[in-house]
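Undergrad: When we follow my numbering, the leftmost residue of the sequence shown carries the number 47, and every step to the right adds one. Okay, here's the structure, questions in a sec.
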Amino acid sequence: MSVIPPDGEMIMETDDDSVGLLAEFRSWLDRERGLSPVSVRCYSKQAKGFLAAIGGPGAVSGLDAGRVTAFMVEHSRDRNSWSAKAMVTSLRAFLRFACATGRIAAPLAGAVPAVASWRLAALPRGLSAAEIGRLLEGCRRETAAGRRDYAVLSLLARLGLRGAEAAGLQLGDIDWRAGEIVVTGKGSRVERLPLPALAGEALTGWLTDGRPRCESRAVFVTVRRPYRQLTPEAVRQIMGRACERAGLERHGAHRLRHALATEMLRAGASLPEVGQVLRHRSQLSTSVYAKVDQNALRPLARPWPGGAA
C-alpha cells in the first residue's frame, strides 16, 4: 500500500516481502554492479518508492512496458530533472535485477523513458564569501554538535567535498603528518587532498573536544547514543540548519562546492584547475562554470550590430 501526502513524497508501508526484496536488490547492486554504498542506498530508496506506487512486491511480476512508462511520466510530473533522473537510473537497475532474478520475463529497463535536460542550461549558484562566513559563524562551537557541524561545513567549503564524501570519511583517512586527507569519491575513486589549515583546525576541535568515544571509525558520528556514522542525508540537514541560522534559503551541501568553484574562477584559476580541485572526471562537468566567469566570457562577446566598432 502507498500513501502520497500533499508534498508528493511517496511513503511505503513496508512488509516483510518488501524488506527481503530490497535487501536482495542491494546485495545484487553490490555484487553484480560494484556500486558504492552511497549509490546502493540511493537506488534502494528509489526502488522502495516504485514498489509503493505499484502496490508492493507482488505486483512486480505483472509489470509491462506501458505500466513502467506511465509510472515514470507521473513520477516526473512535479519533480526537477535531477530527482527524475535519479529515479530513471534506479528504476532501470531494479528492472534489470528483476529480470536477472526471474521476477519478470521481459527486459523492461528500456521502457523507462529518459528525462530531457540541457547540460549547460542551469547557471551554477554558489554562496558569497560573506554568506559562507555566516554559515560557519552560526555553528555553536561550545557544543559537541556545533563543533561537528563546523568541521563538516569547513570541509565542504574549503575542499569542495560532496556531502557523501564528508559523511564517508574515516579516522584513518586523515594523514596529519602529511597534512592530507583521503577521499573516496564517485565511482569509488580514491584521492589524496591537501588539508587546508582552517579545515584542519575545525577537524581537530571536533575530534579532540566533541567526538564521543565509540566503536565507529567514521570521522563524523552522531553526538547521542547509539553513536552512528552520519549519512549523506544528515550532512544535508546540517547544511540546511546552518542556512536557517544564517538567515538564508535552505540549500544542499553542493551549494558550497559551487561556491568554491566560482571563487576560484574569480581569483584567476582556469577551468582545468577548477576541475582538478573538484575532481571532475570529465571536462564537460566543469564547463558549466564558464558561464559564471564573466571576465573570461567578455572578450568572446560579439559587437552589437550597428554599434561602435
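For every residue, glycine included, the Cβ atom is placed at its ideal position computed from N, Cα and C.
I think Val114 touches Leu67, with their Cβ atoms under 8 angstroms apart; what is that distance to the nearest whole Å?
TA: As a position in the sequence shown, residue 114 is number 68, starting the count at 1. As a position in the sequence shown, residue 67 is number 21, starting the count at 1. Not a contact, Cβ separation roughly 17 angstroms.
Undergrad: Go ahead and pull the three-state DSSP assignment for Arg270.
TA: On the sequence shown, residue 270 is found 224 positions in, with the first residue counted as 1. Coil at Arg270, not helix or strand.
Undergrad: Taking only three categories from DSSP, how would you classify Val265?
TA: Your numbering for residue 265 matches position 219 in the sequence shown. Note: Val265 maps to coil in three-state DSSP.
Undergrad: Let me know if Pro52 comes out buried or exposed under the rule of 16 or more other beta-carbons within 10 Å of its beta-carbon.
TA: Position 6 of the sequence shown holds residue 52. Confidence in Pro52 is poor, its pLDDT being 35 and thus under 50, which makes the residue's placement unreliable; the coordinate value appears in the next sentence. Exposed, since its Cβ has fewer than 16 Cβ neighbours within 10 Å.
Undergrad: Does DSSP classify Val158 as helix, strand or coil?
TA: If you number the sequence shown from 1, residue 158 lands on position 112. Coil, per DSSP.
Undergrad: Restricting to Cα atoms, I'd like to know which of Ala264, Cys260 and Ala280 is closest to Arg271.
TA: Working through the sequence shown from its first residue, we reach residue 271 at position 225. Closest option to Arg271, Cα to Cα, is Cys260.
Undergrad: Could you check the C-alpha separation between Val134 and Gly80 for me, to the nearest Å?
TA: If you number the sequence shown from 1, residue 134 lands on position 88. If you number the sequence shown from 1, residue 80 lands on position 34. Roughly 19 angstroms separates the two Cα atoms.
Undergrad: If you reduce the DSSP assignment to three classes, tell me which class Lys94 lands in.
TA: Counting from 1 along the sequence shown, the entry for residue 94 is found at position 48. Looking at Lys94 - three-state DSSP - the assignment turns out to be helix.
Undergrad: Report yes or no: do three or more beta-carbon pairs, one from the stretch 83 to 92 and one from the stretch 241 to 250, lie closer than 8 angstroms?
TA: No: fewer than three Cβ pairs fall under 8 angstroms.
Undergrad: Taking only runs that begin and end inside the stretch 186 to 271, name each unbroken beta strand (DSSP E) of 3 or more residues, in chain order.
TA: DSSP runs (the beta strand (DSSP E)) wholly in the stretch 186 to 271: 226 to 230 and 236 to 240.
Undergrad: Who are the near neighbours of Ser234 in its chain, counting only those whose CB is closer than 6 angstroms to its CB and skipping five residues on each side?
TA: Within the sequence shown, numbered from 1, the residue matching residue 234 stands at position 188. Taken in chain order, the residues that qualify are Ser82.
Undergrad: Using a 10 Å radius around the Cβ and a threshold of 16 neighbouring Cβ atoms, would you call Asn126 buried or exposed?
TA: For this step, residue 126 is matched to residue 80 along the sequence shown. When all chains shown are included, Asn126 counts as exposed.
Undergrad: Could you check whether Leu181 and Leu201 sit closer than 8 angstroms to each other, using their CB atoms as the reference points?
TA: Locating residue 201 in the sequence shown gives position 155, where the first residue counts as 1. Locating residue 181 in the sequence shown gives position 135, where the first residue counts as 1. Contact: no.
Undergrad: For Ala288, decide whether its Cβ has a neighbour in chain D, counting only Cβ atoms nearer than 8 angstroms.
TA: In the structure shown, chain D does not exist; there is a single protein chain.
Undergrad: Between which two residues does the alpha helix (DSSP H) holding His304 run?
TA: Sequence index remark: in the sequence shown, residue 304 carries index 258 (1-based). Counting along the chain, the alpha helix (DSSP H) containing His304 begins and ends at His300 to Arg312.
Undergrad: Could you tell me the alpha carbon to alpha carbon distance between Arg142 and Ala203, rounded to whole angstroms?
TA: On the sequence shown, position 96 is the one that residue 142 refers to. On the sequence shown, position 157 is the one that residue 203 refers to. Their backbone Cα atoms lie some 38 angstroms apart in a straight line.
Undergrad: Going along the chain, which residues of its own chain have a beta-carbon closer than 8 angstroms to the beta-carbon of Ala116, five neighbours each way excluded?
TA: In the sequence shown, counting from the first residue as 1, residue 116 sits at position 70. There are no such residues.
Undergrad: Indicate whether the contact test is met: 3 or more Cβ pairs, each with one atom in the stretch 305 to 317 and one in the stretch 216 to 229, closer than 8 angstroms.
TA: Output reads no: the stretch 216 to 229 does not touch the stretch 305 to 317.
Undergrad: Check each candidate in Cys185, Ala139 and Met118 and name the one with the smallest Cα separation from Pro2.
TA: The structure shown does not extend to residue 2, since the chain spans only 47 to 355, so no value can be given for it.
Undergrad: How would you label Asp255, buried or exposed, when you count the other beta carbons within 10 angstroms and need 16 or more for buried?
TA: Position 209 of the sequence shown, counting from 1, holds the residue named residue 255. So Asp255 counts as exposed.
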